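*Asks:* Going down the list, the sequences are from chains A and B. The first sequence: position 13 = 13 (this note's numbering), numbered continuously. The second sequence: position 82 = 1082 (this note's numbering), numbered continuously. Even glycine gets a Cβ: it sits at the ideal position worked out from N, Cα and C. As the structure is a prediction and not an experimental result, all values here were calculated from the model.
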Amino acid sequence: MPAAVRYEKATKRYGNSNEAAVDRLSLEVPAGEVCVLVGPSGCGKTTAMRLVNRTVELSEGDVTIDGESVRERDPAKLRREIGYVIQEVGLFPHRTIAQNIGTVPQMLGWKKDRIEARTAELIELIGLDPELGERYPAQLSGGQQQRVGVARALAADPPVMLMDEPFGAIDPIARERLQNEFLRLQAEIRKTVLFVTHDIDEAIKMGDRIAIMRKGGHLAQFATPAELLMAPADEFVEDFVGADRALKRLALMRVSDIDLWEAPLAYVGQPTGEVRAKLQGAEVPYPLLVDSERRPLGWLSERDLAAETVPAQPDSPLGPLLDRDDVMRDALADLLQGEAQYAAVADHQGRIDGVLSVEIISEFLASPKAKVDENSAVERPRD
Amino acid sequence: MTSYLLPLAKVGEVGESFFHERTSATLPCQAQSDHLFCFGWAKENIGSFTTPTEQHLELVLISVVIGFAVAIALALLAHRRRWLQAPLLGITGVIYTVPSIAFFFLLLPVTGLGRDTVIVALSAYTLQTIYRNAITGLANVPTATKDAARGMGLTDRQILWRVELPLATPEIVAGLRIATVSTVALATLAVFVNGGGLGVKIYGSGNLTFPTSIIIAAGIAMLMAFAFHLGLVWIERLATPWRRVAAE
């Protein structure tokens, strides 16, 4: 069962320093959600994360897991119930992949066959070849090692996971794949995750909620990714989120989140007069040729309409064809790349659903409605 | 040289005739002073090397085991209390620089003539090498590995035994190997304080002009050192299977 993690005026000062590394941090991560701690270096995000498993001790305030203060717990026992993933992975080089994954279960005194079964299950879950279980970490690629790092953290099925820049040392392509894999995994396992990164794009992608921190360990804003992009609390957050936050919002939406335009439809062999009539007052000034299943074929031009009936071969090619489930940012990229004014959007069966244009997107971003309509584009648990 | 070593002859087993030219011969090839190796003599006397060899082996094993135990204990202590690292390195370093014969004689009033003196001195000499290597090995354990171990709930003791010591094994065994090999050589000096060993056959009577005995004794010592070297390399390989596969 996932557990809520709650910071209550949590403060950390090192030594006799008056300046706090984390200053009266208060926030609550609901059970089963991913909370990303993000900010520039030195903002105390890693320190804040480490307060949870007491690898950094609180100076003042409290951190509770499911209402129980971490101060009351024995540090070693507490840590065995919290998954821990770090950027450098930190696999034990002298132990096999299977032994690495079995570290915490072994400490918890699980029976040998139970550990073996769990290890095999996790190796499969992270999509690794079962044969790799007998290998040593040095025989694996960086991406594989980090997968094992995640599996090792999950071994004893902890309710809470701490992840400190887990994908930071991985090349961009592998990183994106690992991020997606983790989100898919998280949709299944629904851990309460505290995820540290300095990369706002990663924060927006991974987080159900984002805590932006600034130097001195202050919390600048705690909000959902959409809220953060729509309404940055102050100039610091606005700067940190970046000038392209409008584009970033598009990364959080799917084509289906927006009200599409309706195109006048034309069928092969239909009298062009009927089609012309439909054009009156239509949102899209060109008729879209579809087959009998309403699957889009192409756009009809003035010349096509000059004929008696609608031809089987339209004058203009279809151009980009989008899917309802496409991420809006990718859809916009397709539009721009195809040098198309309009793009047909199809549903899962390939039937026409509507038409998307650059104009719709810009209007949508400007409208107040955008604030309520936005939904995260990446699948993750929702209650 | 003669004047320096002569007083030693009185306390040790070094025969006085060691420093004088040999005048009479009992076997044909021993009569010739330019004869490097006398097979006839070797064949006849090889049995007399058994006891010195056994004594030598004993001296080395006992000294190295004691030295290893003390050095590792010091290294673990210094690993916990970092401020001890430099002073301990200094102290063991100073011990290492004391000339061996001088060390034996300095110990005489305490441990007397015989094996104990040798063992104390030889153990003390191994400290520097084993201690320094152990400290290096422990320091080379990646911080991330220790951080991950702590974050997963290993206690300090578990981190030491399950992570740090296994990963420091190559350096620790390397230190042990170097210390053992040099102890085999140093132990030949035991003869100066009646400690026995192969030195008896090196610093024996008349050997300056008749080197056959020296060659045999030195050969045995070198073989012994080489055997220890190979044995410890083998142990290191067995103890660190992950290093072999990583190199493949």
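1) Can you pull the chain A residues whose beta carbon is under 7 angstroms from the beta carbon of A1148 of chain B, in chain order?
2) Taking only three categories from DSSP, how would you classify V237 of chain A?
3) Which residues, taken in chain order from the stretch 132 to 145 of chain A, show a beta carbon closer than 9 angstroms to some beta carbon of chain B?
4) Check H218 of chain A in the structure and name its three-state DSSP category.
5) Can you list, in chain order, the residues of its chain whose CB lies under 7 angstroms from that of D23 of chain A, leaving out five sequence neighbours each side?
6) Quick one: which chain A residues come within Cβ less than 7 angstroms of G1153 of chain B?
7) Give me, in chain order, the residues of the same chain whose beta-carbon lies closer than 8 angstroms to that of V5 of chain A; leave out the 5 immediate sequence neighbours on both sides.
8) Just verifying my parser: in three-state terms, what is the DSSP assignment at W1234 of chain B?
9) Using a Cβ-Cβ distance under 8 angstroms, would T55 of chain A count as near chain B?
10) Straight-line CA distance for Q221 of chain A to L365 of chain A?
11) Provide the residue span of the alpha helix (DSSP H) that contains F1039 of chain B, from first to last.
12) In chain A, which residues lie less than 9 angstroms from V1245 of chain B when you measure between Cβ atoms?
13) Just the Cα atoms here: how many angstroms apart are Y7 of chain A and V241 of chain A?
14) Tell me, please, whether the CB atom of H198 of chain A is closer than 8 angstroms to any CB atom in chain B?
15) Just reading off the alpha helix (DSSP H) that P105 of chain A is part of, what are its end residues?
16) Beta-carbon within less than 8 angstroms of T96 of chain A's beta-carbon, same chain only, minus the 5 sequence neighbours each way: which residues are those?
17) Determine, using beta carbons only, whether S1003 of chain B comes closer than 8 angstroms to chain A.
18) Across which residues does DSSP place T11 of chain A in a beta bridge pair?
19) Using three-state DSSP, classify D383 of chain A as helix, strand or coil.
20) Buried or exposed: which applies to R1132 of chain B, given that a residue is buried once 16 or more other Cβ atoms fall within 10 Å of its Cβ?
21) Taking its Cβ as the centre, do 16 or more other Cβ atoms sit within 10 Å of D171 of chain A, making it buried, or is it exposed?
22) Between R1022 of chain B and chain A, is there a C-beta pair that is closer than 8 angstroms?
23) For the stretch 1155 to 1167 of chain B, list every residue whose C-beta sits within 7 angstroms of some C-beta in chain A, in sequence order.
24) From the DSSP output, which residues share a beta bridge with W1083 of chain B?
25) Is the number of C-beta pairs between the stretch 1062 to 1074 of chain B and the stretch 1128 to 1143 of chain B that are closer than 8 angstroms three or more?
26) T1145 of chain B touches chain A at which residues, Cβ-Cβ below 8 angstroms?
27) Under the rule that 16 or more other beta-carbon atoms within 10 Å means buried, what is R276 of chain A, buried or exposed?
28) Under a Cβ-count criterion, where at least 16 other Cβ atoms within 10 Å of its own Cβ denotes burial, should S26 of chain A be classed as buried or exposed?
29) What's the call for I173 of chain A, buried or exposed, on a 16-neighbour Cβ count within 10 Å?
30) Using the Cα positions of T1117 of chain B and V1110 of chain B, report the straight-line distance between them to the nearest angstrom.
31) Whose C-alpha, out of A:D326, A:D291 and A:Q349, is nearest the C-alpha of L356 of chain A?
32) Using the Cβ count rule (16 or more neighbours within 10 Å means buried), how would you classify Y14 of chain A?
33) Please name the residue, chosen from B:A1078, B:M1152 and B:Q1158, that lies closest to A392 of chain A on a Cα-to-Cα basis.
34) Are at least three pairs of beta-carbons, each pair with one atom in the stretch 194 to 206 of chain A and one in the stretch 162 to 170 of chain A, less than 8 angstroms apart?
35) For W1234 of chain B, which residues in chain A fall below 7 angstroms Cβ to Cβ?
36) Return the first residue and the last residue of the beta strand (DSSP E) that I126 of chain A is part of.
*Replies:* Based on what the coordinates show:
1) Y84, I86 and G90
2) helix
3) R135, Y136, P137, A138 and Q139
4) strand
5) Excluding the 5 residues flanking it on each side, D23 of chain A has same chain C-beta neighbours closer than 7 angstroms at T11, G216, G217 and H218, in chain order.
6) Within chain A, the residues near G1153 of chain B are A76, K77, R79, R80, V104 and M107.
7) E28, V29, C35, V52, V63, T64, I65, V160, T192 and L194
8) W1234 of chain B falls in the helix class under three-state DSSP.
9) yes
10) Straight-line measurement puts the Cα of L365 of chain A at about 22 angstroms from the Cα of Q221 of chain A.
11) F1039 to N1045
12) R135, Y136, A138 and Q139
13) 24 angstroms
14) no
15) Element bounds for P105 of chain A: T103 to M107.
16) G133, E134, R135 and Y136
17) For S1003 of chain B, the predicted model reports a pLDDT of 39, less than 50, meaning its position is unreliable; a value from the coordinates is still stated below. Residue contact check for S1003 of chain B against chain A: no CB pair falls below 8 angstroms.
18) A:E60
19) Unreliable positioning characterises D383 of chain A in this predicted model, as indicated by a pLDDT of 37, which lies under 50. A coordinate reading is not provided.
20) buried
21) Counting Cβ neighbours within 10 Å, D171 of chain A comes out exposed, since fewer than 16 surround it.
22) Confidence is the limiting factor: at R1022 of chain B the pLDDT is only 47, short of 50, which leaves the residue's position unreliable and the question unanswerable from this model.
23) Near chain A, meaning a CB-to-CB distance below 7 angstroms, the residues of the stretch 1155 to 1167 of chain B are T1155, V1163, P1166 and L1167.
24) W1083 of chain B pairs with nothing; no bridge assigned.
25) yes
26) By Cβ distance, chain A contributes G90, L91, F92 and P93.
27) exposed
28) Exposed, since its Cβ has fewer than 16 Cβ neighbours within 10 Å.
29) exposed
30) 8 angstroms
31) For the residues A:D326, A:D291 and A:Q349, the minimum Cα distance to L356 of chain A belongs to A:D326.
32) exposed
33) Coverage of chain A is limited to positions 1 through 383, which leaves residue 392 of chain A absent and any answer about it impossible.
34) As far as the Cβ criterion goes, the stretch 194 to 206 of chain A touches the stretch 162 to 170 of chain A, which means the pair count is three or higher.
35) Residues of chain A passing the Cβ test: none, with the nearest at roughly 18 angstroms.
36) Unbroken run through I126 of chain A: none, as it is neither H nor E.
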